[in-house]
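Notes to accompany the following structure.
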Amino acid sequence: MIRASQFAAHSIVFVLLFFAPALSSSDFPHERNALIQLRDLLNSTSNLHSNWTGPPCEENHSRWAGIACSNGRVMHLVLQDLHLTGSLPPMLFQNITFLSKLSLQNNSLSGPLPNLSGLLHIQFVFLSRNHFSGSIPFSYVQLEKLTVLELQENNLQGLIPPFDQPTLITFNVSHNQLQGEIPDTPVLQRFSKTSYDNNPSLCGRPLRVQCPGSPPPVPSRAPPSPAPAGKHSFKLWPVALIAAAAAVLPLLVMFCFLLYVRRKKYHKEARTKTQKPAGTYITLTLAHLIHPKNIVIVDLRIELTDYFLLM
Ligand SMILES: *[C@@H]1O[C@H](CO)[C@@H](O)[C@H](O)[C@H]1NC(C)=O
Ligand SMILES: *[C@@H]1O[C@H](CO)[C@@H](O)[C@H](O)[C@H]1NC(C)=O
Ligand SMILES: *[C@@H]1O[C@H](CO)[C@@H](O)[C@H](O)[C@H]1NC(C)=O
Ligand SMILES: *[C@@H]1O[C@H](CO)[C@@H](O)[C@H](O)[C@H]1NC(C)=O
Ligand SMILES: *[C@@H]1O[C@H](CO)[C@@H](O)[C@H](O)[C@H]1NC(C)=O
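In my numbering, the protein residues as written are 1055 to 1365.
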């Protein structure tokens, strides 16, 4: 009987020990599930499976590579230089409520940037040196504690959202395919040229590249308005006319000389012949290509009949 009760007591202890980690790992199941999803989705040279098991956090400590915790919550996710490939599910990090640092820099991640909406504690975002594409989410403007945003060396397109968080001290979007004008916010105007360099279609004061007079391109493809094109070709007209005049002037001089010689000759002939000579046409055509998009052809045609020559 004693043995049986001892066995029962041991069983209870065993059961408690066995379930203790399981209970703690389900304290914040959404956080753990998001990380497990990330572990299983991405390929890497480093085997995340070797220690991304059990609970991600033990109070202020983590056994998981690249994870840092505070009070049992995931605070940092740092997986850099690991040749990670694949794309991130856009909503993945929204479940890691207290995330303050996200670094996935220097990997080979593709697809859109993650949606960080609702991550009120996020301060450091390092997603540079990857293959991320699409545009910078407009919602990043609402991350009130954002301190560092590094997105350089990706394939990002579209406009830069109007970041204006006073907390933002490091910002780098260089080496992408961003377009249009750098928004005129005090925060964005403060960063240096190197934060914006190597975006062939980007313009604005920090880059010392003046934007075209027309409003910057909008990401959604709006129907092309004929007004700017018309304005553009209108500006080209004076140039076209000057070029044409310059090209034609020597020809006109030559022509006048020819006219004078021929006129003399016809006056002579008219005096001797009664029959009028057949009409002759002298045609001068000048075509001038001004711009590949705005072809301006200046067609100067001078037609002369013998009648005119005889006048
Ligand atoms: C986790 O595993 C990786 C190898 O996959 C190892 O380099 C790293 O040191 C481990 N981290 C911890 C905290 O045990
Ligand atoms: C974890 O750190 C916080 C402060 O960052 C502290 O208040 C708390 O007592 C720590 N918890 C443990 C178990 O050490
Ligand atoms: C990027 O990661 C590779 C290894 O994955 C490393 O050799 C290289 O030095 C890293 N580059 C930078 C700029 O950190
Ligand atoms: C990002 O997430 C927020 C909140 O979950 C959602 O309202 C928003 O539509 C998402 N944005 C995109 C571009 O999916
Ligand atoms: C931005 O990133 C580029 C490319 O990595 C680097 O050369 C430049 O110094 C960075 N600028 C700033 C202000 O961080």
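For each residue, glycine too, the CB sits at the ideal point set by N, CA and C.
Y1335, buried or exposed, once every other Cβ within 10 Å from all chains shown has been counted against 16: Any reading at Y1335 needs caution, since the residue's pLDDT is 41, under 50, leaving its predicted position unreliable; the model's value is listed next. Classification of Y1335: exposed, given that the 10 Å Cβ count is below 16.
One or two residues paired with G1212 in a DSSP bridge: L1232
Contact test: S1171 Cβ vs ligand 4 heavy atom, cutoff 6 Å: yes
Near ligand 3: D1135 beta-carbon under 6 Å from a heavy atom: yes
Euclidean distance between Cα positions of P1110 and Q1091: 13 Å
Short Cβ contact (7 Å threshold) for L1256 with V1241: no
Same chain, Cβ closer than 8 Å to N1149, five either side skipped, listed in chain order: H1084, E1085, N1087 and A1088
DSSP three-state assignment for I1090, whether helix, strand or coil: helix
Proximity test, N1208 beta-carbon vs ligand 2 heavy atom, cut-off 6 Å: no
For L1200, the nearest candidate out of F1186, L1163, F1225 and Q1211 (CA to CA): F1225
beta-carbon N1101 near ligand 6 non-hydrogen atom, thresh 6 Å: This structure lacks ligand 6; its bound ligands are ligand 1, ligand 2, ligand 3, ligand 4 and ligand 5.
Exposure of N1253, with buried meaning 16 or more beta-carbon neighbours within 10 Å: buried
Complete runs of the beta strand (DSSP E) confined to the segment 1152-1178 [at least 3 residues]: 1155-1157 and 1162-1165
Any non-hydrogen atom of ligand 3 within 6 Å of N1160 CB: yes
Where the beta strand (DSSP E) containing V1132 begins and where it ends: R1127 to V1132
Near ligand 2: E1113 beta-carbon under 6 Å from a heavy atom: yes
Spatial distance of L1174 from M1145 (CA atoms): 15 Å
Alpha-carbon to alpha-carbon, K1247 and V1263: 10 Å
DSSP state of V1195 mapped onto helix, strand, coil: helix
Range of the contiguous beta strand (DSSP E) that encloses L1242: That residue, L1242, is in no beta strand (DSSP E); its alpha helix (DSSP H) goes P1240 to R1244.
Enclosing beta strand (DSSP E) for H1185 [first to last residue]: H1185 to S1189
Other residues of its chain near F1192: CB distance less than 7 Å, five sequence neighbours each side excluded: P1215
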